[in-house]
Every structure is written in C-alpha cells, then in structure tokens.
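According to my numbering, the residues represented by the sequence shown are 19 to 277, in order. Encoded as structure tokens, the structure appears first; notes follow it.
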Amino acid sequence: NLWHRYRTPTRLANAWTYKRNAAVIAVSRAVAETVDRTRLPRSRAGVEPLRVVYHGPDLGGALPGAGGRERARRLLDLDPDAYICGTVANFTPKKDHLGLLEAHALLRRTEPGARLVLIGLGPLEAALRERAARADLAGSVVFAGSRGDVPELLPAFDVFVLGSRQEGLPVALMEAMATGLPVVVTDVGGMPEIVTDGAEGRVVRSGDPAALAAALAEAAADPARRRAWGKAARLRAETFDVAGAQARIEDVYREVLAQ
C-alpha cells in the first residue's frame with residue numbers, strides 16, 4: 019500500500035523495521051515513491067535497498083476456454099447479448115463504487131441496455147444497493163457477492179473497470195487483463211504503470227464519473243477496439259505471472275545473501 023495510507027501503528031512499525039531490513043520490496047513504482055527513504059537501510063555492496071517487483075496472478079488457468087463467455091453469463095444470469103461492465107473489489111470507500119454507479123448511470127443514457135456487475139462485499143453494500151435501486155439504475159446492476167470462482171466469471175464481462183481513488187497494484191486488474199479483457203481504470207497507484215491509455219484500454223482521472231462513463235461508452239461503441247485492447251491486455255499481463263514475480267524476489271534474496 020502507499021506509505022501515507024497505512025494506519026499509524028503500521029507506519030511506526032515500518033519505520034522501526036525498515037532500517038533493520040537488508041532490502042524492501044514494493045509492488046509498484048507508485049508505492050515505492052511514497053516510501054520514506056530516510057527509513058531505508060543503507061545500500062550495501064551495490065544492492066539497492068528498495069526494489070519494485072510487480073506481483074501477479076497465476077496465469078496457468080487464467081485464459082478462458084471455448085464457451086467461457088457463455089458459461090460465465092449463465093452463472094451470473096446475464097443476457098448473452100448485453101454490454102456488460104464488471105469489477106471485482108471490496109465495497110470500501112477507496113474503491114469508489116458510488117462513483118462507478120454514477121458513471122454507469124451516465125453510460126445508460128447512450129447504452130440503455132448496459133449492465134454493471136459488482137463482485138465483492140463490504141461495509142458500503144447497503145448504500146450501494148440503495149443507489150442502484152433508483153430509477154436511473156434500477157435493474158441494471160448485479161450484486162454478485164463474494165465469489166471463489168472469479169476467473170470463471172471474468173469472461174462474462176465486455177470491459178473490466180476499476181474506478182478506485184487509491185490503489186497499490188490490484189491483482190484483480192491483472193487477472194482481468196490475463197483473461198483478455200479490455201480495461202478502464204483510474205490514474206491512481208500502480209494502475210497507470212501496467213495500463214497504457216489507448217493500448218490496453220483507458221486510464222481516466224480518479225473521482226470523475228463523467229470521464230469513466232465516456233471511456234466505457236467508447237468501448238461499447240467499438241467492438242473492434244475492445245478486441246484490440248483485450249489482446250494487448252493479455253500480452254501485457256504475461257509479464258506479471260506469479261512465477262516471474264517469484265523469480266525476481268528470489269533474485270533479491272540471492273543478492274542480499276551474497277553480501
């Protein structure tokens with residue numbers, strides 16, 4: 019997580035332990051840039067004390083087989099032909115689901131058949147359900163709950179969307195990209211490091227439902243562009259396989275142990 023977003027006890031513990039570490043690993047450049055460098059150990063024998071290692075999902079079973087989209091839509095009871103936007107995130111303020119619902123309401127002005135799938139649980143669920151019940155969203159939002167079969171459900175989406183106000187580096191985003199989904203994300207945390215605007219999808223301003231809606235509408239209007247973004251997303255995700263992350267972490271350990 020970003021250093022300043024940690025609660026005070028965690029920051030104090032990090033401040034005490036970091037100088038005693040041989041190296042510190044951050045999950046993204048955005049996270050690394052927030053680390054208080056005065057708390058880091060000194061560089062020894064040419065070993066940089068702060069490293070960035072992008073973690074990632076296990077890509078072994080990430081890619082959907084034939085019929086994956088149809089099966090996923092049946093599991094979620096979705097229209098096979100509807101334009102589906104979906105997200106996987108706990109219902110907490112930093113994920114800004116309320117902003118995503120506002121974006122979905124704007125999207126439905128031009129795409130009235132669009133549906134939004136929310137996979138997750140959290141303290142804001144009641145507020146989200148109340149907002150989703152209003153006339154401009156009624157019947158268009160699916161609350162799928164906490165699921166253990168997320169990789170099987172992702173192919174149901176036409177676009178994966180994260181409207182977060184803060185992030186480190188969300189594994190859900192990388193899982194979606196590995197599935198071959200185009201993505202629409204906000205410009206926070208490590209997300210702009212793995213999503214290039216116009217290549218794998220769109221990167222928009224955080225806290226701007228209109229910008230989020232415009233990106234989702236663009237994707238809805240151009241299936242060929244969605245396919246191109248999805249193909250690029252899958253290729254990009256190949257660099258974030260958990261096996262590769264494990265190898266890079268092992269490299270850090272070897273360098274530290276060789277000092």
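Glycine is no exception: its CB is placed at the ideal position from the N, C-alpha and C atoms.
CB contact flag (residue i, residue j, <9 angstroms)
i, j, result
"LEU172", "GLY262", "no"
"ILE137", "GLY117", "no"
"ALA276", "LEU124", "no"
"LEU200", "ALA251", "Checking the displayed sequence, the identity of residue 200 turns out to be Pro instead of Leu. Yes. Within cutoff."
"ALA196", "LEU94", "no"
"VAL2", "GLY74", "Limits of the chain in this structure are 19 at one end and 277 at the other, which puts residue 2 out of reach."
"SER158", "ALA145", "no"
"VAL206", "ARG220", "no"
"TYR72", "GLY208", "yes"
"LYS113", "GLY166", "no"
"GLU120", "ALA231", "yes"
"LEU222", "ARG69", "One point to set straight first is that residue 222 is Val, not Leu, in the sequence displayed. No, Cβ-Cβ distance for VAL222 and ARG69 is not below 9 angstroms."
"VAL42", "LEU187", "no"
Alpha-carbon spacing of residue i relative to residue j, whole angstroms
i, j, result
"ALA31", "PRO67", "18 angstroms"
"LEU142", "GLU273", "44 angstroms"
"LEU155", "PHE178", "19 angstroms"
"GLY86", "ALA50", "37 angstroms"
"ALA153", "TYR101", "19 angstroms"
"ARG243", "THR110", "31 angstroms"
"VAL53", "ASP226", "27 angstroms"
"GLU218", "LYS37", "38 angstroms"
"ARG133", "TRP34", "48 angstroms"
"PRO241", "ASP176", "9 angstroms"
"ARG254", "ARG245", "14 angstroms"
"PHE161", "VAL135", "6 angstroms"
"ASP215", "MET192", "15 angstroms"
"ASP99", "ARG127", "18 angstroms"
"ARG183", "ASN39", "30 angstroms"
"ALA190", "PRO27", "27 angstroms"
"ALA194", "GLU185", "16 angstroms"
"ASP97", "GLN264", "40 angstroms"
"HIS115", "ARG91", "22 angstroms"
"ASN108", "SER224", "17 angstroms"
"ARG147", "HIS122", "14 angstroms"
For residue i, the first and last residue of its enclosing alpha helix (DSSP H)
i, result
"VAL71", "Neither: VAL71 is in no alpha helix (DSSP H) and is coded neither H nor E."
"ALA162", "Counting along the chain, ALA162 falls outside any alpha helix (DSSP H), though it belongs to the beta strand (DSSP E) covering 159 to 163."
"ALA231", "227 to 239"
"LEU118", "115 to 125"
"ALA261", "260 to 275"
"ALA190", "189 to 196"
"LEU171", "168 to 171"
Any C-beta of chain B under 9 angstroms from that of residue i
i, result
"ALA107", "In the structure shown, chain B does not exist; there is a single protein chain."
Whole-number beta carbon distance between residue j and residue i, since they are thought to touch under 8 angstroms
i, j, result
"GLU129", "ALA238", "5 angstroms"
"VAL106", "VAL168", "6 angstroms"
"GLU256", "ARG47", "At roughly 19 angstroms, the Cβ-Cβ gap does not stay under 8 angstroms, so GLU256 and ARG47 are not in contact."
Residue interval of the beta strand (DSSP E) (run including residue i)
i, result
"VAL179", "177 to 180"
"ALA144", "Run containing ALA144: none in the beta strand (DSSP E); it sits in the alpha helix (DSSP H), 143 to 150."
"THR52", "Unbroken run through THR52 is the alpha helix (DSSP H), 47 to 52; no beta strand (DSSP E)."
"GLY207", "It is not in any beta strand (DSSP E) - GLY207 carries neither H nor E in the DSSP assignment."
"GLY104", "102 to 106"
"ARG133", "133 to 137"
For residue i: DSSP bridge partner residues
i, result
"VAL202", "VAL179, ARG220"
"ALA44", "VAL70"
"LEU94", "Paired residue(s): none; LEU94 is not in a bridge."
"ASP215", "GLY219"
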